[in-house]
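Numbering (this note's numbering), first residue to last: -9 to 811.
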């Protein structure tokens, strides 16, 4: 057995020494060369039957232990990646099988037996020291920040900004147009949250995996609650009404989406709601503008909602449903009937009007539109990195009663907001807004989170107008659509750092006065806190030098904005690389040295660049939740590095980065960037065995005091139960997508972590109060409401997320405290 083991160690030592030499030649650590040579020697001694192999392995283990602690401290997961293989080899070397083999070498037990016992003792001691350090590391939490959010004195409390939503209801994606994701309900508290039980479950019957589905077919919906009804949409665009107390289906509407769509995403984040009013307000008079002299594109006919079922000619209130084929449909919340008093009898708006480069499915609104007293304001998503001939990112305001176009703001032609006349089209390829906007009707502004112009990773052809408003939060005047102010979160964005989250509006005490504020989370980890009247920063913002050296024909901005309140991670170092074993950790170190990386905002390159945070984002569309009375924010930062590699195009038709072959059916060839100089290959920075190359944690929950800009606590969130081959519940802190929700009872809820759990947290400390296993991925933002039985319900949508690979499903779950008897 010793000889077999020796042969394996010789081979392992050769591999480790050779790969370590490669790393050293790249300027990396010399440890792996030394460790490889030592293993080679241990293997050679075993082949000779010498107990000195155990002595040498003990020296190697102790030296490796010292080196590992020097690199990463007493931190379990980084230590495990460095020492697990050597530790397991040491355990094997002291087993009876190896001992007997060494004693019998050359036929003389006495020859080697005299030196074997002390050798085994020394190796056993080295193993014990290593095990003791491992046990010690289990009780340390170097990545945790323990603390508490302190409530302000009652006299200093800032009340929630008034909004006409009953306490037990949820009328918009973020409950109100302010996007706070905060409920005034307080029945569930830190003292009783552990008593939450499943009250009812409803299955929609809509699961991903149908023909024509893109990879990113996702459940991201946050339902609305109006009266005693819940309203939600499914990825395949059905609209469902449920009894909020029992979960019983009341009606379902199928918009019969057009087929053969060029979809990158198939999702619906939610519906919008127009409250009832007795007499419609007078409609603003639209006026025709000159627009841009670009030829209109012939459009295939769209289905007409009014011809697809029951209709209602006089809807007092409405639900608005954006569809994947580019429509916006108005429905009666009471019956699901199509409102024919909207859209000139059709019950819908055709969002392809005046749109260039018509390709059904390539443009639609994945997020619910903004509803004001008089307007319906709609953005839309376009294909990322498919070509330079995509649709416009225009923001449009329609009359909420008739559906007539009132104004349009196109960042490629920002000064002309009058409705376009027939035959004109919006600016092709202008930056779009795919996320959720917020509104302050008292100030007369809608706040729009903007993306950038595709291609995301190369911007050599972007116009000054496009550059000005890309990757910004833009405040538009409700009456005219003109820009009141804008704040750019990334200059000349080359990293897909579009503004992903709904701006959160609240009033704050600043310098002893009450100020209307806007908090904007970003993919790069900043929380910009601005005065929403004029965009002035309320917490300091500085311009920090950024790496230079973009690809040919492009440039980089010399500086990038940074907020005083930031979850931006520290720059990666070689010692931050990780893996399941010493070998794949070494592979990650080699990759780290081969790729270009100069910190955050390293430009994409043909060599390949590490983008950290990756385009998954520290924050994504789920945003944050705030308690406006306490001035607290509950956040869910995620950390995953990506690799961005530019691939020079030789023509405008070849597929260069489609690893799975040409896309199926009408699905688009993403990241090919037809018409640009480069295609783009983008993927997570992973080890050869499919683990992130950067060490965990990868996901947290964190509490912020918005008054001071201080992070009060930060805790790892989630386990690898659903991410590893074995269902191991290790609490490593896993990525998440989807948003949190908070309540006046001091409890926060979040289901977006990639381990299929919903959790309740004490908002003051971040302590987990309760959790429940979900039947599928919960990558949607929870909400809460009051039922007819007087109980507070917490609603969670568990349907999975295609691009994260979480388990698909179709469950809507409601939790509540036990009913009183």
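C-beta: ideal position from N, C-alpha, C; glycine also. Predicted model, so just to flag it, every value in this text is computed and none were measured.
Residue i versus the options, residue with shortest Cα-Cα distance
| i | options | result |
| --- | --- | --- |
| residue 213 | 179, 166, 699 | 166 |
| residue 422 | 352, 389, 474 | 352 |
| residue 778 | 459, 77, 809 | 809 |
| residue 305 | 295, 558, 318, 326 | 326 |
| residue 298 | 645, 469, 308, 329 | 329 |
| residue 359 | 425, 735, 90 | 425 |
| residue 708 | 736, 761, 753, 248 | 761 |
| residue 620 | 753, 678, 741 | 753 |
| residue 58 | 70, 474, 253 | 70 |
| residue 264 | 207, 728, 367 | 367 |
| residue 331 | 407, 318, 391 | 391 |
| residue 64 | 131, 32, 19 | 131 |
| residue 655 | 42, 253, 86, 188 | 253 |
| residue 815 | 373, 389, 518 | This structure cannot settle anything about residue 815, because the visible part of the chain is limited to -9 through 811. |
For residue i: DSSP bridge partner residues
| i | result |
| --- | --- |
| residue 534 | 550 |
| residue 324 | Note: residue 324 sits in no beta bridge, so no partner. |
| residue 331 | Paired residues: none, contrary to the question. |
| residue 370 | 423 |
| residue 738 | 732, 751 |
| residue 684 | 567 |
| residue 311 | 319 |
| residue 722 | None, per the DSSP bridge assignment. |
| residue 673 | 633 |
| residue 773 | 785 |
| residue 435 | 430, 467 |
| residue 473 | 466 |
| residue 206 | 255 |
Exposure label - residue i; buried when at least 16 CB within 10 Å
| i | result |
| --- | --- |
| residue 560 | exposed |
| residue 533 | exposed |
| residue 542 | exposed |
| residue 607 | buried |
| residue -6 | exposed |
| residue 102 | Reliability fails at residue 102, whose pLDDT of 42 lies under 50, so the model's placement of it is uncertain and the value that follows must be treated cautiously. Its Cβ being crowded by 16 or more others within 10 Å, residue 102 is buried. |
| residue 643 | exposed |
| residue 117 | buried |
| residue 321 | buried |
| residue 696 | buried |
| residue 170 | buried |
| residue 239 | exposed |
| residue 215 | buried |
| residue 504 | exposed |
| residue 795 | exposed |
| residue 615 | buried |
Limits of the beta strand (DSSP E) - the one that residue i falls within
| i | result |
| --- | --- |
| residue 494 | 494 to 500 |
| residue 231 | 229 to 233 |
| residue 221 | 219 to 223 |
| residue 416 | From DSSP, residue 416 is part of no beta strand (DSSP E); its letter is neither H nor E. |
| residue 191 | 187 to 193 |
| residue 694 | 690 to 695 |
| residue 509 | 503 to 511 |
| residue 805 | 801 to 806 |
| residue 263 | 262 to 264 |
Residue i - containing alpha helix (DSSP H), residue span
| i | result |
| --- | --- |
| residue -5 | -8 to 15 |
| residue 90 | 86 to 93 |
| residue 80 | 66 to 83 |
| residue 580 | 572 to 584 |
| residue 38 | 21 to 38 |
Residue i beta carbon near the ligand GTP (any heavy atom closer than 8 Å)
| i | result |
| --- | --- |
| residue 665 | Annotation note on the ligand GTP: not contained in the displayed structure, which lists no ligands. |
Measuring CB atoms only, is the segment 613 to 629 touching the segment 216 to 231, in the sense that at least three cross pairs come out at less than 8 Å?
Because the criterion of three Cβ pairs below 8 Å is not met, the segment 613 to 629 and the segment 216 to 231 do not touch.
Quick test of the definition: if touching needs 3 or more C-beta pairs under 8 Å, does the segment 745 to 752 touch the segment 195 to 205?
no
Quick check: the segment 375 to 382 against the segment 343 to 355, are at least 3 beta-carbon pairs closer than 8 Å?
Touching, per the Cβ criterion.
Do the segment 299 to 316 and the segment 248 to 265 touch if we need at least three Cβ pairs shorter than 8 Å?
yes
Is the segment 794 to 805 close to the segment 189 to 196, with three or more CB pairs under 8 Å?
yes
Using a Cβ distance threshold of 8 Å, determine whether the segment 442 to 461 contacts the segment 655 to 670, with at least three qualifying pairs required.
yes
Inspect the CB distances between the segment 692 to 708 and the segment 122 to 138 and report whether three or more fall short of 8 Å.
yes
Does the segment 564 to 573 come close enough to the segment 682 to 699 to have 3 or more Cβ pairs within less than 8 Å?
yes
Three-pair Cβ contact test at 8 Å for the segment 759 to 776 versus the segment 153 to 172:
Verdict: yes, contact present.
Cβ contact (3+ pairs, closer than 8 Å) linking the segment 538 to 556 and the segment 500 to 517
yes
Is it true that the segment 398 to 405 meets the segment 452 to 463, where meeting means three or more beta-carbon pairs spaced less than 8 Å apart?
yes
Taking contact to mean at least 3 C-beta pairs separated by less than 8 Å, is the segment 433 to 440 in contact with the segment 460 to 474?
yes
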